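Single-structure report; data block below.
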Amino acid sequence: MARPLTAQSVDKLKPNPAKRLEVPDGLLPGLYLIIQPSGARSWAVRYRRNGQTRKLTLGPYPALTLAIARERARAALKAAQAGEDPAADKRQAPGATAVADDGASDLISDQLDAFLARHVRLKGRPRYAGEVERLLEREVRPLWGNRRVQDITRADVVALLDALMDRGSPTTANRTFAAVRKFFNWLIERSVLDASPCMRVRAPHAETSRDRVLSEDELRWLWMASERLGWPFGPFTRFLLLTGQRRDEVAKARRNELRQPDLWTIPRERTKNGIAHDVPLSTAAQTVMASLLPVAGRPGYLFTTTGEHAVSGYSKAKARLDRLMLECARAEAQARGGDPDAIILPEWRLHDLRRTLASGLARLGHPPHVVEAVLNHTNGTISGVAAIYNRYSYLVEKRHALEAWGRFIEALAGPPRQLPHLGATSAAASEASVSSGEPLRHG
Numbered sequence: 001m002a003r004p005l006t007a008q009s010v011d012k013l014k015p016n017p018a019k020r021l022e023v024p025d026g027l028l029p030g031l032y033l034i035i036q037p038s039g040a041r042s043w044a045v046r047y048r049r050n051g052q053t054r055k056l057t058l059g060p061y062p063a064l065t066l067a068i069a070r071e072r073a074r075a076a077l078k079a080a081q082a083g084e085d086p087a088a089d090k091r092q093a094p095g096a097t098a099v100a101d102d103g104a105s106d107l108i109s110d111q112l113d114a115f116l117a118r119h120v121r122l123k124g125r126p127r128y129a130g131e132v133e134r135l136l137e138r139e140v141r142p143l144w145g146n147r148r149v150q151d152i153t154r155a156d157v158v159a160l161l162d163a164l165m166d167r168g169s170p171t172t173a174n175r176t177f178a179a180v181r182k183f184f185n186w187l188i189e190r191s192v193l194d195a196s197p198c199m200r201v202r203a204p205h206a207e208t209s210r211d212r213v214l215s216e217d218e219l220r221w222l223w224m225a226s227e228r229l230g231w232p233f234g235p236f237t238r239f240l241l242l243t244g245q246r247r248d249e250v251a252k253a254r255r256n257e258l259r260q261p262d263l264w265t266i267p268r269e270r271t272k273n274g275i276a277h278d279v280p281l282s283t284a285a286q287t288v289m290a291s292l293l294p295v296a297g298r299p300g301y302l303f304t305t306t307g308e309h310a311v312s313g314y315s316k317a318k319a320r321l322d323r324l325m326l327e328c329a330r331a332e333a334q335a336r337g338g339d340p341d342a343i344i345l346p347e348w349r350l351h352d353l354r355r356t357l358a359s360g361l362a363r364l365g366h367p368p369h370v371v372e373a374v375l376n377h378t379n380g381t382i383s384g385v386a387a388i389y390n391r392y393s394y395l396v397e398k399r400h401a402l403e404a405w406g407r408f409i410e411a412l413a414g415p416p417r418q419l420p421h422l423g424a425t426s427a428a429a430s431e432a433s434v435s436s437g438e439p440l441r442h443g
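Counting along the sequence shown from 1, when you hit position 167 you're at 167 in full-length UniProt numbering, and nothing is skipped either side.
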């Protein structure tokens, strides 16, 4: 049985660095002193309402003494016995800080539902909201869903991130950590928690800016391999390369976004910066569009196998694409009389195709502001006041740039000696080249 707390015993209580502690008051059942691993302390009272346990945070210790905490706890318990809901009343009081849990229990699963409904979906851009929800549903809910939010410790957070790193997913580990940290900070804002278990935890992976650009040989092998890859990832990969748009923007493209045969408009709900984006389709890109299989389905996805869901499973498709590219490279080496086994394909990612297109356009002579417009970047060469007043969309310039890029890529299908060499043809192009180290941002 719990012992009655005293002012001296409260002062002597020590935090546990590995977990959150709840010390009950033996004199007043329902009153707890909560001690976070960080050492932060606060008072809370729990009561039952409609068959659920509810929590009311009374205030921090030592600002709130034991005597005052008991006084407030008694008042809350008395109100609860009278059929009132002190936590909800405090939340709805004028000027009061949002507290309690909107009727949700202290389970992670219930609080995730509240977080997604009240914060992520309401305040985040659709693309951001979808990514956060995907991470929390896939990585967090199955692991912590049946645990109380108060029981999650720093050690739990570290274990989650370590598991993702061990799985070979460092970027996912970073993104998951950001989502989890935001979730616990939101709980603190609503007085469900007093401290975050993410405190003093660092992102597990130091991300560096990538500079990988596929070579002309690699682009040729990619084009050849994509034909052998087949539906839907073959056309999908080619369309990525020809348009330079983001992977998910292409994957979730719909037929109703093709305003004209040669113009694809990505709605603002699906772009990273929340700005609708017109993508002129080159002759080469239109050829890819014409090759797409007509798959019936209400959403009208361009790249799909079911008709109801956009293409997915990128990792397996990318691994197969890499194998096919290597086969193409080794076949060329053997035809030249070289050693096929000496050919090694350096690691690359689908996102590197954006950087490759940007570098290629710059080297073909297209100025930085046109390259930025093709990529739908708003933080590049035109910024500040200029960005506010310059509303020109550069549609004509984008069309010329992508058409030139499409012609260059199609030339890769021929013998290497017929390939028009990519050479910097202007000072602007040289300044925009990724390989020159100038700030042409990609993401």
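Built from N, CA and C at the ideal position, the CB exists for glycine as well. Since this is a predicted model, take the numbers as computed values, not measurements.
Going by the beta-carbon positions, is the gap between Val192 and Val157 smaller than 8 Å? no
At least three beta-carbon pairs within less than 8 Å, the segment 131-144 to the segment 177-189: yes
Given a threshold of 16 other Cβ atoms within 10 Å of its Cβ, counted over all protein chains shown, does Leu5 qualify as buried or as exposed? buried
Does DSSP classify His277 as helix, strand or coil? strand
Can you tell me which of the three DSSP states Leu422 falls into? Residue placement at Leu422 cannot be trusted, given a pLDDT of 48 that sits under 50; what the coordinates show is reported in the next sentence. Coil, per DSSP.
Beta-carbon spacing of Leu350, Arg247 below 8 Å: yes
Own chain partners of Ser42 with C-beta closer than 7 Å, once the 5 adjacent residues on each side are dropped: Ile34, Thr57, Gly59, Pro60, Tyr61 and Asp194
Beta bridge counterpart(s) of Ser42 as assigned by DSSP: Ile34 and Pro60
Backbone CA spacing between Ala44 and Arg20 [nearest angstrom]: 14 Å
In three-state terms, what does DSSP make of Lys55? strand
Report the residue from Val213, Asp151, Ala203 and Ile188 whose alpha carbon sits nearest the alpha carbon of Asn174. Ala203
Tell me whether Asn146 sits in a helix, a strand or coil according to DSSP, three-state version. coil
Within the chosen definition, does the segment 281-292 reach the segment 256-270 through at least 3 CB pairs nearer than 8 Å? yes
Host beta strand (DSSP E) of Arg259 (start-end): Leu258 to Gln260
Whose C-alpha, out of Phe233, Leu240, Thr271 and Val295, is nearest the C-alpha of Arg255? Val295
Measure the Cβ-Cβ separation of Glu403 and Thr283 and say whether it is below 8 Å. yes
Per DSSP, what kind of secondary structure is Asn185 in: helix, strand or coil? helix
8 Å contact criterion, which Pro280 and Leu395 should meet: CB distance rounded: 7 Å
In this structure, how does DSSP classify Asn174 when only helix, strand and coil are distinguished? helix
Do the segment 212-229 and the segment 340-354 make contact, defined as three or more Cβ pairs closer than 8 Å? yes
For Met299, I'd like the list of residues in its chain whose CB is within less than 6 Å of its CB, leaving aside the five on either flank, ordered along the chain. It is Pro, not Met, that sits at residue 299 in the sequence shown. Here the set comprises nothing.
Three Cβ pairs or more, each shorter than 8 Å: is that satisfied between the segment 69-79 and the segment 17-32? yes
Is DSSP giving Thr265 helix, strand or coil here? strand
Is Leu107 helix, strand or coil when you go by DSSP? strand
Give the range of the alpha helix (DSSP H) segment to which Ser23 is assigned. Note on residue identity: the sequence assigns Val, not Ser, to residue 23. That residue, Val23, is in no alpha helix (DSSP H); its beta strand (DSSP E) goes Leu21 to Pro24.
Member of Ser393, Lys252 and Leu13 whose CA lies at the smallest distance from the CA of Glu308: Lys252
Work out the CA separation of Arg330 and His377 for me, nearest whole Å. 37 Å
So, at 7 Å on beta carbons, what are the nonlocal neighbours of Pro17 in its own chain, with the 5 sequence-adjacent residues on each side left out? Pro37
Where does Tyr394 fall in DSSP's three states? coil
My assumption, with CB atoms under 8 Å, is that Glu269 sits in contact with Pro126. Please give the rounded CB distance. 4 Å
Neighbour-count burial assignment, Tyr389, 16 or more Cβ in a 10 Å radius: Per-residue confidence for Tyr389 stands at a pLDDT of 43, beneath the threshold of 50, marking its modelled position as unreliable; the derived number appears in the next sentence. Per the 10 Å Cβ criterion, exposed.
Helix, strand or coil: how does DSSP classify Arg247 here? helix
Through-space distance from His369 to Gly384, alpha-carbon basis: Low confidence applies to Gly384: its pLDDT is 47, below 50, so where it sits in the model is not reliable, and the reading given next is rough at best. Their Cα atoms are separated by approximately 14 Å.
Where the alpha helix (DSSP H) containing His369 begins and where it ends: Pro368 to Leu375
Scan the segment 269-349 and note each continuous beta strand (DSSP E) run of 3 residues or more that stays entirely inside, going in chain order. 277-280
Going by alpha carbons, who is nearest to Lys14 out of Glu189, Arg3, Ala2 and Ala40? Ala40
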